[in-house]
Amino acid sequence: MFHLELEPRFSDTDALGHISNTTLPVWFEQARTPVFRIFHPTLEAETWPLIIARLEIDLLAQSYWHIPVKIKTGIGKIGNSSFHVVQEAWQGDKQIARGVAVLIHFDYETEKALPIPEDIKARLAEHAVE
Numbered sequence: 680m681f682h683l684e685l686e687p688r689f690s691d692t693d694a695l696g697h698i699s700n701t702t703l704p705v706w707f708e709q710a711r712t713p714v715f716r717i718f719h720p721t722l723e724a725e726t727w728p729l730i731i732a733r734l735e736i737d738l739l740a741q742s743y744w745h746i747p748v749k750i751k752t753g754i755g756k757i758g759n760s761s762f763h764v765v766q767e768a769w770q771g772d773k774q775i776a777r778g779v780a781v782l783i784h785f786d787y788e789t790e791k792a793l794p795i796p797e798d799i800k801a802r803l804a805e806h807a808v809e
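Take any residue in the sequence shown, count from 1 to its spot, add 679: that is its number in my numbering.
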């Protein structure tokens, strides 16, 4: 799994003082950067090879701005042209969220999915989680 530790900003909170439900998708996207690099090491937007097809997040517990959050990122199902990125957010010893993003290897010129090359599938599989 990949790991990213974040220090929540005060601006990440809602009116109740909790981390806002709009913040978790942003953090999860940031934590997917190592996965993006497997496909596209330069991260250049002009030749970007991925598109997101689905994002689901379960908010499991309240979270607060003054306590660091650790995001754990792994790979779930790997298909022909798509794969699942499985993520968890932890604050201290409490899991505060979990999510799955479905990403597609994609050609923006033809607007069609592309098969994931075998070498990339192998690199993704190194980070497999159940």
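Using N, Cα and C, we set each Cβ at its ideal position, and we do this for glycine too.
Checklist entry - Would you report the Cα separation of K773 and E767, rounded to the nearest angstrom? => result Cα to Cα, the separation comes out at about 10 Å.
Checklist entry - Should the stretch 733 to 747 be regarded as contacting the stretch 790 to 803, the criterion being three or more beta carbon pairs within less than 8 Å? => result The answer is no - the stretch 790 to 803 does not touch the stretch 733 to 747, with fewer than three Cβ pairs under 8 Å.
Item to check | Cβ neighbours of I698 in the same chain (closer than 7 Å, five flanking residues each side left out) | outcome: P687, D691, T692, S742, Y743, W744
Checklist entry - Going straight from the alpha carbon of E788 to that of A732, what length do you get? => result 17 Å
Item to check | Cβ neighbour criterion (16 or more within 10 Å) applied to I795 | outcome: buried
Item to check | Cβ-Cβ distance between I754 and V765 below 8 Å | outcome: yes
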